[in-house]
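First to last, the protein sequences are chains A, B and C. In terms of my numbering, the first sequence is residues 1094 to 1258. In terms of my numbering, the second sequence is residues 1094 to 1258. In terms of my numbering, the third sequence is residues 1094 to 1258. A virtual CB, placed ideally from N, CA and C, is assigned to each residue, including glycine. Below you'll find the structure, written out as structure tokens, and then a few comments.
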Amino acid sequence: MSIEDDIAALKGRVQQLEDTLAIFQLVATYGPSVDSGAVPEAGLLWTEDGYYDTDIQASAPQGTHGRDAINAMAEMIARSENGIAHVTYMPAVKVDGDRAIAVNHTSPCVAVGDDVRIARISSNRWELERIDGRWQTRLRTNRVLDGSAESKEVLAQGVRDTFPR
Amino acid sequence: MSIEDDIAALKGRVQQLEDTLAIFQLVATYGPSVDSGAVPEAGLLWTEDGYYDTDIQASAPQGTHGRDAINAMAEMIARSENGIAHVTYMPAVKVDGDRAIAVNHTSPCVAVGDDVRIARISSNRWELERIDGRWQTRLRTNRVLDGSAESKEVLAQGVRDTFPR
Amino acid sequence: MSIEDDIAALKGRVQQLEDTLAIFQLVATYGPSVDSGAVPEAGLLWTEDGYYDTDIQASAPQGTHGRDAINAMAEMIARSENGIAHVTYMPAVKVDGDRAIAVNHTSPCVAVGDDVRIARISSNRWELERIDGRWQTRLRTNRVLDGSAESKEVLAQGVRDTFPR
Chain A
1094 MSIEDDIAAL KGRVQQLEDT LAIFQLVATY GPSVDSGAVP EAGLLWTEDG
1144 YYDTDIQASA PQGTHGRDAI NAMAEMIARS ENGIAHVTYM PAVKVDGDRA
1194 IAVNHTSPCV AVGDDVRIAR ISSNRWELER IDGRWQTRLR TNRVLDGSAE
1244 SKEVLAQGVR DTFPR
Chain B
1094 MSIEDDIAAL KGRVQQLEDT LAIFQLVATY GPSVDSGAVP EAGLLWTEDG
1144 YYDTDIQASA PQGTHGRDAI NAMAEMIARS ENGIAHVTYM PAVKVDGDRA
1194 IAVNHTSPCV AVGDDVRIAR ISSNRWELER IDGRWQTRLR TNRVLDGSAE
1244 SKEVLAQGVR DTFPR
Chain C
1094 MSIEDDIAAL KGRVQQLEDT LAIFQLVATY GPSVDSGAVP EAGLLWTEDG
1144 YYDTDIQASA PQGTHGRDAI NAMAEMIARS ENGIAHVTYM PAVKVDGDRA
1194 IAVNHTSPCV AVGDDVRIAR ISSNRWELER IDGRWQTRLR TNRVLDGSAE
1244 SKEVLAQGVR DTFPR
């Protein structure tokens, strides 16, 4: 290979690493931003029309649509008088150009008095997109792990999507 | 340094970063693959003769030997009628050529009715190997953190093995 | 750009990636080192005068000052007869030369008999510094997430500090 080819190949590999870490950063920022009401950062993790497709919010049975609604959700969560932590575990990630998929577990924990309770543990598959040079969530599918085939399939699909081939 | 030397050094550093992220990916895929019965992906995280040396499976008191047994374990876990999540926390990792060590905590969480219970929290030390260009687990030592010296030594050895020197 | 410029730019990007992963490693090593009494590794995660500013230690109401005190804390934790795991979740990180900020949740889990209890869940903002080529913690602010504005502000400040701009 010529030096120019070597440099081009290195640039591609470094870009892939940067993208993977940017997606880790996005996933790791979700909890701290909604738990603290960090607006507008919470909303900027999503595309303008991003869809948080979740089965857990009694107040939003069809999930949460759009960046403004995510910001409103962060403001609502941060008003909680109990301690609350939306824990997002390290994901598996596959980047393909300006698109990426991530899969992980998440679990909100709630402090009530001296007890900390895990409210639920859920499967997550994230469809991410780079827009204006910044990774954002277009679709996050989140299902309570309750033994249902649907909740397991979210993980299984995410594993198939991200597995190194 | 010459340009050729610069490029060779960069290639080595990028390879090291790629290897570390590949091992993160492997550890992060363990839970989602066994919880969802994602076969063959669950098994491919291990070498063909990989050994999951664990003290937690009543059904396998000597741990789980070999990729086929890992796949059978994933199929068994995924049949659970309760929600179950094998959470693997971000590891510390040290790569040395085609071998690597990782250390972390893991905890399976089980949903029973409206409650989520942490079944146990364990110490883990992973011995990994690159075979055919893909990182795989040769040995994972997993001990319930119950106050015993043995369970702590798994973490202590992993910390010594992975600490930057 | 000239080849020399290309190589200089790549070196900078690779350095940034290495620094981010070094900080992941530091955060991931905290728990396994204190839970197992891995001295001196536990202490080396901090600057010599590092300050663990925490509201959780009855034995140290003003937090823990200095590397020697961190080592003493690790020795004390590792003497626990119950299983104990100081879980540190994947952080969001921003590196700026020889300084960095990280933000994450942490939660110590304690095994008592057949039960594992989350002792608390806390907000954390880490101020890190590279000294003698090794990342170390100068200040870690840790507050129990109990609904208080102060505990949320630790996360909010960390999110603002680390958000990609």
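Coil, strand or helix - residue i by DSSP
i        : result
S1241(A) : coil
N1197(C) : strand
V1209(A) : strand
Q1250(A) : helix
G1136(B) : helix
Cβ-Cβ separation, residue j to residue i (assumed contact under 8 Å), whole Å
i        : j        : result
E1134(B) : V1188(A) : 18 Å between Cβ atoms; not a contact.
V1247(C) : S1200(C) : Contact flag wrong, Cβ pair sits at about 14 Å.
G1124(B) : T1181(B) : 5 Å
P1257(C) : A1115(A) : 7 Å
L1110(C) : L1110(B) : 5 Å
L1103(B) : V1107(C) : 6 Å
D1191(B) : R1223(B) : 4 Å
E1168(B) : V1132(B) : 6 Å
Same chain, Cβ closer than 8 Å to residue i, five either side skipped, listed in chain order
i        : result
E1243(A) : R1236
I1194(C) : V1186, K1187, R1218, W1219, E1220, L1221, G1251, D1254 and T1255
R1172(B) : G1130
D1128(A) : I1170, A1171, I1177, A1178 and H1179
D1112(A) : V1188, A1193, R1223 and W1228
I1149(C) : R1213, S1215, N1235 and V1237
M1094(A) : A1102
Span of the beta strand (DSSP E), counted from its first residue to its last, around residue i
i        : result
G1143(C) : W1139 to T1147
R1218(C) : S1215 to I1224
V1186(A) : A1185 to D1189
G1156(C) : Unbroken run through G1156(C): none, as it is neither H nor E.
Residue span of the alpha helix (DSSP H) that contains residue i, given as start and end
i        : result
E1111(A) : I1096 to S1129
R1160(A) : R1160 to A1171
Proximal chain A residues relative to residue i, where beta-carbon distance stays under 8 Å
i        : result
Q1118(B) : A1185, V1186, T1255 and P1257
Chain C contact residues for residue i, given Cβ-Cβ distances below 7 Å
i        : result
V1180(A) : Y1182 and H1198
G1143(A) : Residues of chain C passing the Cβ test: none, with the nearest at roughly 17 Å.
Other residues of its chain near residue i: CB distance less than 6 Å, five sequence neighbours each side excluded
i        : result
R1210(C) : V1203
L1232(C) : Y1144 and E1220
K1245(C) : none
D1146(B) : G1156 and T1234
Closer than 8 Å at the beta carbon, the chain B residues around residue i
i        : result
S1244(A) : G1176
A1204(C) : R1213, I1214, V1237, L1238, D1239 and G1240
G1130(C) : K1245 and A1249
Chain-order list of residues whose beta-carbon lies under 7 Å from that of residue i (same chain, five-residue window excluded)
i        : result
W1139(C) : R1160, I1163, Q1229 and T1230
N1175(C) : V1203, A1204 and V1205
D1166(A) : Reading off the sequence shown, one finds Met at residue 1166(A), where the question assumed Asp. The answer, listed in chain order, is V1127 and T1157.
I1100(A) : none
L1238(A) : I1214, S1215, S1216 and S1244
A1121(B) : T1181
Under 7 Å by beta carbon: chain A residues contacting residue i
i        : result
R1192(C) : Simply none; closest approach about 17 Å.
L1110(B) : L1110
A1171(B) : K1245
Residues that residue i contacts on chain A, provided the C-beta gap is smaller than 9 Å
i        : result
I1100(B) : I1096, D1099, I1100 and L1103
V1107(B) : L1103, R1106, V1107 and L1110
A1195(B) : Near A1195(B) there are no residues of chain A at all, since even the closest Cβ is about 12 Å away, more than 9 Å.
Interface residues of chain C facing residue i [CB-CB closer than 8 Å]
i        : result
E1134(A) : V1252, R1253 and F1256
Proximal chain C residues relative to residue i, where beta-carbon distance stays under 9 Å
i        : result
L1232(B) : Simply none; closest approach about 17 Å.
R1227(A) : P1257
Where residue i meets chain B, residues with beta-carbon distance less than 7 Å
i        : result
L1114(C) : L1110 and T1113
G1124(C) : H1198
Cβ-heavy atom distance, residue i to the ligand NAP, below 7 Å
i        : result
T1255(B) : With respect to the ligand NAP, the structure offers nothing, as it holds no ligand at all.
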